[in-house]
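There are 4 protein chains.
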Amino acid sequence: MTSTSEPLALGVDIGGSKIAAGVVAADGTIVDEIRRPTPGADVTQTADAIIGVARDLMSRHSVGVVGIGAAGWINSDRSTVVFSPHLAWRGEPLRESLTTSLDVPVYVDNDANATAWAEYRFGAAQGSRVALCVTLGTGIGGGIIADGQIFRGAFGLAGEWGHMRVVPGGRRCACGNRGCWEQYASGRALARDARDVAETSPVTAQGLLAVVDGVPSALTGPLVTQAAAANDPTAMEIVNDAGHWLGQGIADICAILDPDIVVVGGGVAEVGSLILDPARAAFGHALTGRGFRPEPPIVGARLGSAAGLVGAADLARSSL
Amino acid sequence: MTSTSEPLALGVDIGGSKIAAGVVAADGTIVDEIRRPTPGADVTQTADAIIGVARDLMSRHSVGVVGIGAAGWINSDRSTVVFSPHLAWRGEPLRESLTTSLDVPVYVDNDANATAWAEYRFGAAQGSRVALCVTLGTGIGGGIIADGQIFRGAFGLAGEWGHMRVVPGGRRCACGNRGCWEQYASGRALARDARDVAETSPVTAQGLLAVVDGVPSALTGPLVTQAAAANDPTAMEIVNDAGHWLGQGIADICAILDPDIVVVGGGVAEVGSLILDPARAAFGHALTGRGFRPEPPIVGARLGSAAGLVGAADLARSSL
Amino acid sequence: MTSTSEPLALGVDIGGSKIAAGVVAADGTIVDEIRRPTPGADVTQTADAIIGVARDLMSRHSVGVVGIGAAGWINSDRSTVVFSPHLAWRGEPLRESLTTSLDVPVYVDNDANATAWAEYRFGAAQGSRVALCVTLGTGIGGGIIADGQIFRGAFGLAGEWGHMRVVPGGRRCACGNRGCWEQYASGRALARDARDVAETSPVTAQGLLAVVDGVPSALTGPLVTQAAAANDPTAMEIVNDAGHWLGQGIADICAILDPDIVVVGGGVAEVGSLILDPARAAFGHALTGRGFRPEPPIVGARLGSAAGLVGAADLARSSL
Amino acid sequence: MTSTSEPLALGVDIGGSKIAAGVVAADGTIVDEIRRPTPGADVTQTADAIIGVARDLMSRHSVGVVGIGAAGWINSDRSTVVFSPHLAWRGEPLRESLTTSLDVPVYVDNDANATAWAEYRFGAAQGSRVALCVTLGTGIGGGIIADGQIFRGAFGLAGEWGHMRVVPGGRRCACGNRGCWEQYASGRALARDARDVAETSPVTAQGLLAVVDGVPSALTGPLVTQAAAANDPTAMEIVNDAGHWLGQGIADICAILDPDIVVVGGGVAEVGSLILDPARAAFGHALTGRGFRPEPPIVGARLGSAAGLVGAADLARSSL
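Chains as they are written, first to last, in full-length UniProt numbering: chain A, 1 to 320; chain B, 1 to 320; chain C, 1 to 320; chain D, 1 to 320.
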């Protein structure tokens, strides 16, 4: 067991497919880390898996507080997962049950908020007055940092810009609406576009199809970004289209929130300039009042896939 | 000259066509009020007009502070009008020049922010944690109140949701973009739709054309709302369409900001349920996560056309 | 009175604003011609005006047959104007009344059919097996020539492609629908776009506004094409946009009709390559099966504004 | 071997998945019929399969002429398959090779033309002056009958309305374009919509998913129409949406061709009123000039899946 002058915080990032847990020091350094698949279909199993990784790390480090970042809507006192699109939680009092099991204070946050916080505290958004963090995963998540705090809205649900409508009557979304932004600029959007090309123009999509043994439905967002990074022209075009939609959507949000920086994170953002360059170009044509106002830079996230757990840990520590 | 235990504040609301100035007590009551046309084409004339009404009212009341609400982008220290769409100001240091002339502290705010503040302090948004105020005038303005303060963004330009894009490749906007929300749900949108009907289907638009001696280009937003209020079926349909776009746009903004109330003000909102009912219906079908989250009510503003000056006065007072 | 070996035909082209009448020889040559304004508001006045110009020309030439080209829907036995958008005719038995008055056989045709026929017989579509003639006037008219005959449809109304929908929920059309092709690629479309720019971005439209003393509603299609021909950049951009829509629509019609030539006529087409070049470019990207099929050339009409009367005369002669 | 006073014709309908061949009498009666899967990947195999079924039937009946209906673009002298989307033919001189093998005259036609012809001669379009036949299979095919003849266009490619663009920037099509009609109203459209719902809202799509063991990519057009016929509400909604697009597209084509009847055939049309009723409703709102013109009825095809072979046989007989 390590010993430090100030207590360590434990961050746990729970996504639809993996749990990433880490012990985080006050300066954002990850002292120790564990990753496991998420047993998401069952509420008890998910909670047990969290407790398992937490106890494992807590047995090796002096942890004073635990922060959870979860893909879902968290109520405003940061105790309950109201709804999670990828997990079985519905009104789950996660904070209470985990506090009892782990015997330290626990705080629950939205994973996109945790990511935004990590970038604000230790990453690309340091020193910002109003920062937006757009997370491109399967969908699009969002976190807003204003005056050194997460802007949570009245009920804890702010930042769900993945579901603003960008095309009237457009593509169906899992939320029940049509035309949501995340259907045009997320990992799911890449997969959808790639399957579409593969089904309608197999010749054009031959590079992508080769990766999945000719089965269009097996194409995923990560496969498209990997193919784009390897210079597959169709994958690059698909990523470029997503980048265009990304930049337009950021311009719309900036009209509302007027940030001084926009950080783009999440797995899809790891292709870097392939998606950020078209996003910047579209943003430059779409921001209202351009030329008469300061324009926030659009930058890639710095903390990569660990941002969620680092942010969750630091948010928990700062709540003590 | 009146005398009160606490100082009175003077509020001045400067729009493209009129100046409304009033002496406002601490409880939001308007003690005295003057309205004049705006001499907008010339910077010096506009400033002189403001000074004129202010001195007039200050000669009759003991005013301790002056607040200006101006249609334009104000910098974040509330001293300078960076840009105004309807007035000649470009980088105008309004606070400094008026402070010198009036010999009391002066604060400058965006008029939509002033309106939102008035509704929060004395009107429909009292007690709200996160309130949005959507102002339907010629365009669409916006103010955000969060945790008892105006959310201004990093550079003072937050709330410009009139320019989020709601239709790709849609109607041209004065901001240089296409498809901006205010082209579908503002007074200008009503005028545009009415002229369109009048030019393409004069028979359908005969009620509207009768008001303007058969000249489609003479149709304005206020004429359409008046005709709708008088049960002209074509005008009612046009207002209904605008209401639908209004509700959809509010749903988009709520996905981002998660407010507990949305106040709709401005001249167009004075038709009340004719536009608010379709807005609520569209909002009810468009809010992401509906059924799993608290839904903010959409309500009409309470302070009417005096909201701007009341809010400007109160903001100034609260800055002392 | 002239004397020829074969009888001359008289053609009368009746538009919303003018009557053009001419005596036409068998080779399409115009022997004599008269143009007058149309007294369109009254059925009797319009008929009297036609009779006037016809008698005038028939007093000087030996005319054996009269052909009328009218802007309207003509029934399939070419006797009655079912409906005219610009004239007062509703079920007008024009053939019978004119035959009685003029004492020679009279045939009535749609003006776009007459124009197409003229181009097929004496102009750009000679020798074609299937020719389309797209007429860009205030709206968009159309004529189809197949195997040496006008394709009229079952009821005489074929070729009304100006009213196929090209944008769901798009611009209102006088026909009562939204998104009709003619709202994007006709003279009216040019006027609408120009007024739109003028109202939203007066600076961008200053060249156009100069022509109409600053009154946006005074802008018309012909003024826009004239400004484009004089290199006004905004007018050129508007014409270019219309050309793009033109080419896309032609590609849609070619998917259905598979012509070997497309002739573009009407007043708007007189700007020539300014609208035809973007139309060809868009067509080249939009024709289904391009690369696997013969592509019809898109060419300008050759007979100019006389095509209607020439075609009407020749159709009448060929009906003897 | 049968014996009749007039020679029998053999019709062969070659689709992407099946060959249907039949011996057809002069009154359209099918005397004998064979169906086999299509070995489509190889040109020689496909031809051999056709020859096989033909010889089989010709050994039992006195056949004087053979008509082939093929899913592909046929040149205008009805000898060569220029291109087939589902078969390997590219410039295949089918007529010549089959005439040699079968020793009777052979004619090749597009399968949608053959279907239209059958409906005109023996089915729902008898007596029509201008009939349109819209075939809803995997894609949308089309045939036009005018004045007792197939309207083939200048190069034999008329009727490809499945590829007119109905949504700018819409869904990708196998033809390389976006927004083609067949992406919204064909069997492929049903499958696409069903997969979309299944992937985004599994609960809504549970009835459909039950049929395919929970695998969205296994959903096909026929499965959707079967589920709709069995009252699955989601399938019914999807078919209803397709019907709406169907009616709108028919209205667009009617603006161009002015038919007196529209026959809707193909596998998707077998759901009958589930798709025809919304199509009629949409058509009734979309036909330009409605109220001022005769409106063609939209009716289901009468000959079902045998229409293609019956039409091919009769077209061949009428060419003798």
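Yeah, the Cβ is synthetic: ideal placement off N, Cα and C, and Gly gets one too.
Between the segment 186-202 of chain C and the segment 211-228 of chain C, are three or more C-beta pairs nearer than 8 Å? yes
Output yes if chain A places a C-beta closer than 8 Å to the C-beta of Cys254/D; else output no. Judged by the 8 Å Cβ criterion, Cys254/D is not in contact with chain A.
Given a cut-off of 8 Å on the beta-carbon distance, is the pair Gly11/B and Val310/B in contact? yes
Minimum Cβ-Cβ distance from Thr200/B to chain C less than 8 Å: yes
Which residues in chain B sit within 8 Å of Val82/A, going by Cβ to Cβ distance? Within chain B, the residues near Val82/A are Phe292, Arg293.
Under 8 Å by beta carbon: chain D residues contacting Pro259/C: Gly153, Ala154
Is the CB of Thr4/B under 8 Å away from at least one CB in chain A? Any answer about Thr4/B is weak, because its pLDDT of 48 lies below 50 and its placement is not dependable; what the coordinates show is given next. No, because no Cβ of chain A sits closer than 8 Å to the Cβ of Thr4/B.
Which runs of the beta strand (DSSP E) fall wholly inside the segment 1-56 of chain C and span at least 3 residues, in chain order? You should have 8-14, 18-24, 30-37.
Rounding to the nearest angstrom, what Cα-Cα distance links His61/D and Thr115/D in this structure? 23 Å
Give the range of the alpha helix (DSSP H) segment to which residue 323/B is assigned. Examination of residue 323/B is not possible in this model, given that chain B is present from 1 through 320 alone.
Between Ser273/A, Gly143/A, Asp109/A, which lies nearest to Thr225/A when the distance is taken from Cα to Cα? Ser273/A
Residues in the segment 164-179 of chain B having any Cβ partner in chain C nearer than 8 Å: Arg171, Arg172, Cys173, Ala174, Gly176
Residue-level contact to chain C via CB, Arg129/D, 8 Å cutoff: yes
Figure out for me which residue from Trp73/C, Val167/C, Arg293/C, Gly179/C has the closest Cα to the Cα of Gly153/C. Comparing Cα positions, the closest option is Trp73/C.
Stretch-stretch touch, CB-based, cutoff 8 Å, three pairs: the segment 152-172 of chain B with the segment 25-35 of chain C: no
Does the beta carbon of Trp73/D come closer than 8 Å to any beta carbon on chain C? For Trp73/D, the answer is yes, since a Cβ of chain C falls inside 8 Å of its Cβ.
What's the C-alpha gap between Pro39/B and Pro297/B? 38 Å
Spatial neighbours of Leu208/D in its chain, beta-carbon cut-off 8 Å, leaving aside the 5 residues before and after: Ala194, Val197, Ala198, Leu219, Leu223, Val224, Ala227, Asp232, Thr234, Ala235
Could you compute how far the alpha carbon of Ala205/D sits from the alpha carbon of Arg78/A? If you draw a straight line from the Cα of Ala205/D to the Cα of Arg78/A, it is about 33 Å long.
For the ligand ATP, I want to know if Asp314/C counts as a neighbour, meaning its beta carbon is within less than 7 Å of at least one of the ligand's heavy atoms. As presented, the structure is devoid of all ligands, the ligand ATP included, so that no description of it is given.
Rounded to whole angstroms, what's the CA-CA distance from Pro105/B to Val264/A? Just pull it up for me. In this structure, the alpha-carbon of Pro105/B lies about 42 Å from that of Val264/A.
In chain C, which residues lie less than 7 Å from Val197/B when you measure between Cβ atoms? Arg172
I need the boundaries of the beta strand (DSSP E) containing Ala77/A, first residue and last residue. With the sequence shown as reference, residue 77/A is identified as Asp, and Ala is not the correct amino acid for it. For Asp77/A, there is no enclosing beta strand (DSSP E), since its DSSP letter is neither H nor E.
Using the C-alpha atoms, what's the distance from Met58/C back to Gln126/D? 46 Å
Please list, in chain order, the chain A residues whose beta carbon lies closer than 9 Å to that of Trp161/B. Asp252, Ala255, Ile256
Using the DSSP secondary-structure output, state which residues sit across from Asn110/C in a beta bridge. Ala70/C
Say whether the segment 279-297 of chain C touches the segment 284-291 of chain D, bearing in mind that this needs 3 or more beta-carbon pairs closer than 8 Å, one atom from each stretch. no
Gln183/B (DSSP reduced to helix, strand or coil): helix
If contact is defined by three or more beta carbon pairs under 8 Å, each pair taking one atom from either stretch, is the segment 90-101 of chain C in contact with the segment 122-142 of chain C? no
Closer than 8 Å by beta-carbon distance: list the chain C residues that pair up with Leu157/D, in chain order. Asp258, Gly289, Arg293
Can you check whether the CB of Ala118/C is closer than 8 Å to the CB of Leu303/C? The Cβ atoms of Leu303/C and Ala118/C sit closer than 8 Å to each other.
Which whole-angstrom value is the C-beta distance of Val262/B and Val134/B, which I expect to be below 8 Å? For a cut-off of 8 Å, the C-beta gap from Val262/B to Val134/B is around 6 Å, short enough to register as a contact.
Beta-carbon neighbours of Ser217/D, restricted to chain A and to distances below 7 Å: Ser217
How far does the alpha helix (DSSP H) with Gly308/B in it reach, from first residue to last? Unbroken alpha helix (DSSP H) run through Gly308/B: 307-319.
Check each candidate in Thr80/A, Ser84/A, Asp252/A, Asp260/A and name the one with the smallest Cα separation from Leu98/A. Thr80/A
Note down, in chain order, every chain A residue with its Cβ under 8 Å from the Cβ of Ala286/B. Arg165, Asn177
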